[in-house]
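Trainee: Taken in sequence, the protein lines are chains A and B. So that you can map any letter, position 56 of the first sequence is 234 in the working numbering, and since no number is skipped, the others follow by simple counting. So that you can map any letter, position 213 of the second sequence is 689 in the working numbering, and since no number is skipped, the others follow by simple counting. Beta carbons are placed, not taken as given, at the ideal position from N, Cα and C, and that holds for glycine. Predicted model only: the values in this text are computed from it and were never measured. Take a look at this one; I'll ask things after.
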Amino acid sequence: MPTDAAPRPDKPTDSGADRLRNFAKYSGLGFQMLATIGLCAWGGLKLDAHFQNKNPWYTIGLMVLGLVAATYQVIRTLTRNE
Amino acid sequence: MKRLLIALFCILSLPVFANEPASTQAEATDKEAFSPGEMILHHISDSHEWHFATLGDEEHGTHLTLPLPVIAYQPTKGLSVFSSSRLAHGQSYNGLKLEHEHLVAEDGGHVYDFSITKNVASLLLSALLLLLVFTAVARGYGKNRNGAPRGIQSFFEPIIVFVRDEVAKKSIGPKYERYMPYLLTIFFFIWFNNLLGLMPGGANLTGNIAVTLTLAVLTLIITLASSNKYYWSHIFATPGVPKALLPIMIPVELIGVVVKPFSLMVRLFANITAGHIVILSFISLIFIFRSAAVSPVSIAFGLFINVLELLVAILQAYIFTLLTAMYIGGAVEEHHDADHQIGGDNAAAPAHGHAH
Numbered sequence: 179m180p181t182d183a184a185p186r187p188d189k190p191t192d193s194g195a196d197r198l199r200n201f202a203k204y205s206g207l208g209f210q211m212l213a214t215i216g217l218c219a220w221g222g223l224k225l226d227a228h229f230q231n232k233n234p235w236y237t238i239g240l241m242v243l244g245l246v247a248a249t250y251q252v253i254r255t256l257t258r259n260e
Numbered sequence: 477m478k479r480l481l482i483a484l485f486c487i488l489s490l491p492v493f494a495n496e497p498a499s500t501q502a503e504a505t506d507k508e509a510f511s512p513g514e515m516i517l518h519h520i521s522d523s524h525e526w527h528f529a530t531l532g533d534e535e536h537g538t539h540l541t542l543p544l545p546v547i548a549y550q551p552t553k554g555l556s557v558f559s560s561s562r563l564a565h566g567q568s569y570n571g572l573k574l575e576h577e578h579l580v581a582e583d584g585g586h587v588y589d590f591s592i593t594k595n596v597a598s599l600l601l602s603a604l605l606l607l608l609v610f611t612a613v614a615r616g617y618g619k620n621r622n623g624a625p626r627g628i629q630s631f632f633e634p635i636i637v638f639v640r641d642e643v644a645k646k647s648i649g650p651k652y653e654r655y656m657p658y659l660l661t662i663f664f665f666i667w668f669n670n671l672l673g674l675m676p677g678g679a680n681l682t683g684n685i686a687v688t689l690t691l692a693v694l695t696l697i698i699t700l701a702s703s704n705k706y707y708w709s710h711i712f713a714t715p716g717v718p719k720a721l722l723p724i725m726i727p728v729e730l731i732g733v734v735v736k737p738f739s740l741m742v743r744l745f746a747n748i749t750a751g752h753i754v755i756l757s758f759i760s761l762i763f764i765f766r767s768a769a770v771s772p773v774s775i776a777f778g779l780f781i782n783v784l785e786l787l788v789a790i791l792q793a794y795i796f797t798l799l800t801a802m803y804i805g806g807a808v809e810e811h812h813d814a815d816h817q818i819g820g821d822n823a824a825a826p827a828h829g830h831a832h
């Protein structure tokens, strides 16, 4: 679309589109935490089943790593650019 | 707007909880009469034929079904192509039969199933629809270059401009133009297929994890292919992090690379599937209680969720596109231009320079 630009008046930064954007962004962040921890737990369970461990060290270790990773991602997304 | 969003957020988290009662109810009700769990799973899963409705009862009624081509490859027998109606009612054909909608060989050999299933047929249909709609839109721009948009073009122009201005420019920055085709394609693909899935007799395409997996993998590939050295230096030598911590930070960052598309895949899949399950659960209530007196409540709730799903259809398309754009934006970001994500207008300015 070459015919663009022109009449875009300076909008206030907190327009409806921005709110929708923030809603999508931050609700997506929660889902990302869930996915991180879930993926790590799943991987840990698979590894423990594969090596037939008595104690689920892989599950525990990977879940802790997942928690660290999820928290780190949230902090990094929240502190960046704003 | 804020209240609406809060209400929406509360309702969107509902389906996750509504998931479970549906399956436990399925076990509680007697099997021979009506099993909601089975009915719901049948509705949301893929199949080798396109079943629209059954008039009359299961045994003697008329099934309104569209048979679809089965394309199977067996290493021993080679390729076989036939109509899925030959496999109906548990029949076998050419040594192949359907077991819980999985094509298996009667002799236990391996079968590669390339069939045009319900989801594939729906995918092709939606591709055709998208082509028709957007060639019409593109033709509109070819015909009247500087005039006001007309017809179907005037409906889609604001949406396309929204994706460009609010999604691509703000998330990616000055290099947004090369990613516009992909962003627009996934936006309209997901939106159209969400809506097609809501139609009576429609296939649950975006609620199929294989489809969302493909979309997520495409996003991952595009993100990695367009990444610059700053992206990788952030992963392998995160600035401001002591060297001793790097063994922990590198796996954490690498998990992040994989998890971002993974969460895209699960989010779309879960939202669409949950929506379908909730609607079907409400409708099932009538048959579980075996009373028409339940129907006003169950249809009212079903209709409410259905209308809500119309909103979820575009919202999920938007979220998928926005997050894809943000991941790409993170990969192409130059070292010092952290401002690009704040001011959309600032980011737009240099882009016009080399656009014309």
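In terms of residue numbering, what span does the beta strand (DSSP E) encompassing Leu601 (chain B) cover?
Mentor: Segment Lys594 to Lys619 is the alpha helix (DSSP H) holding Leu601 (chain B); no beta strand (DSSP E) there.
Trainee: Can you tell me where the alpha helix (DSSP H) with His710 (chain B) in it begins and where it stops?
Mentor: That run of the alpha helix (DSSP H) goes Lys705 to Phe712.
Trainee: How many Å lie between Val693 (chain B) and Val687 (chain B) at the Cα?
Mentor: If I take the Cα positions, the gap works out to 10 Å.
Trainee: Hey, quick one: how far does the alpha helix (DSSP H) through Gly206 (chain A) stretch, first residue to last?
Mentor: Run containing Gly206 (chain A): Gly194 to Phe229, per the alpha helix (DSSP H) assignment.
Trainee: Thinking just about the alpha-carbon of each residue, which of A:Pro234, A:Gly239, A:Leu225 and A:Ala202 is nearest to the one in Pro727 (chain B)?
Mentor: For the residues A:Pro234, A:Gly239, A:Leu225 and A:Ala202, the minimum Cα distance to Pro727 (chain B) belongs to A:Gly239.
Trainee: In whole angstroms, give me the CA-to-CA distance for Glu503 (chain B) and Glu575 (chain B).
Mentor: With a pLDDT of only 46 at Glu503 (chain B), under the threshold of 50, the placement of this residue in the model should not be trusted; the figure read from the coordinates follows. Distance between the alpha carbons of Glu503 (chain B) and Glu575 (chain B) is about 21 Å.
Trainee: Are any of the Cβ atoms in chain A nearer than 8 Å to that of Ser774 (chain B)?
Mentor: Taking Cβ atoms only, chain A never reaches closer than 8 Å to Ser774 (chain B), which makes this a no.
Trainee: Quick check: is the beta carbon of Arg743 (chain B) nearer than 8 Å to any beta carbon in chain A?
Mentor: It does: the Cβ of Arg743 (chain B) has a partner Cβ on chain A nearer than 8 Å.
Trainee: Are at least three pairs of beta-carbons, each pair with one atom in the stretch 577-597 of chain B and one in the stretch 545-562 of chain B, less than 8 Å apart?
Mentor: Segments in contact, yes.
Trainee: Excluding the 5 residues flanking Ser598 (chain B) on each side, which residues of the same chain have their C-beta closer than 6 Å to its C-beta?
Mentor: Only Ala679 and Leu681 meet the Cβ criterion.
Trainee: With distances taken from CA atoms, which of B:Glu577, B:Gly532, B:Gln567 and B:Val546 is nearest Glu514 (chain B)?
Mentor: Measuring from the Cα of Glu514 (chain B), the nearest candidate turns out to be B:Glu577.
Trainee: For Asp583 (chain B), which residues of its own chain have a beta-carbon under 7 Å away from its beta-carbon, when the five flanking residues on both sides are left out?
Mentor: Cβ neighbours of Asp583 (chain B) beyond the five flanking positions: Gly571.
Trainee: Could you tell me which residues DSSP pairs with Ile547 (chain B) in its beta bridges?
Mentor: According to DSSP, Ile547 (chain B) bridges with B:Val557.
Trainee: Start and end of the alpha helix (DSSP H) containing Ala529 (chain B)?
Mentor: From DSSP, Ala529 (chain B) is part of no alpha helix (DSSP H) but of the beta strand (DSSP E) over Glu525 to Leu531.
Trainee: Excluding the 5 residues flanking Leu730 (chain B) on each side, which residues of the same chain have their C-beta closer than 8 Å to its C-beta?
Mentor: Only Ile711 meet the Cβ criterion.
Trainee: If you compare alpha carbons, which of B:Pro650, B:Thr695 and B:Gly683 is closest to Thr661 (chain B)?
Mentor: Of B:Pro650, B:Thr695 and B:Gly683, the residue nearest in Cα terms is B:Thr695.
Trainee: Quick one: does Tyr250 (chain A) have its CB under 8 Å from some CB of chain C?
Mentor: The displayed structure is made up of protein chains A and B, and chain C is not among them.
Trainee: Identify the contact partners of Ile731 (chain B) in chain A, using a Cβ-Cβ distance below 8 Å as the criterion.
Mentor: Ordered by position in chain A, the residues that pass the 8 Å Cβ test against Ile731 (chain B) are Thr214, Leu217, Cys218, Leu243, Gly244 and Ala247.
Trainee: Do Ser774 (chain B) and Ile790 (chain B) have their C-beta atoms closer together than 8 Å?
Mentor: No, the Cβ-Cβ distance between Ser774 (chain B) and Ile790 (chain B) is not below 8 Å.
Trainee: In chain order, what residues of the same chain have a beta carbon less than 7 Å from the beta carbon of Met241 (chain A), not counting five sequence neighbours either side?
Mentor: Once the five neighbours on either side are set aside, the close Cβ partners of Met241 (chain A) are Ile215, Cys218, Ala219 and Gly222.
Trainee: Roughly how many angstroms separate the alpha carbons of Gln251 (chain A) and Leu517 (chain B), rounded to a whole number?
Mentor: If you take the alpha carbons of Gln251 (chain A) and Leu517 (chain B), they lie about 35 Å apart.
Trainee: For the stretch 639-651 of chain B, which residues have a CB atom closer than 9 Å to at least one CB atom of chain A, in sequence order?
Mentor: So the close ones are Arg640, Asp641, Glu642, Val643, Lys646 and Ser647.
Trainee: Have a look at Leu702 (chain B) and Gln210 (chain A) and give me their C-alpha separation to the nearest angstrom.
Mentor: In the sequence as displayed, the identity of residue 702 (chain B) is Ser instead of Leu. One C-alpha to the other measures close to 22 Å.
Trainee: Applying the criterion that 16 or more other CB atoms from any shown protein chain within 10 Å of the CB defines a buried residue, is Leu604 (chain B) buried or exposed?
Mentor: That one is exposed.
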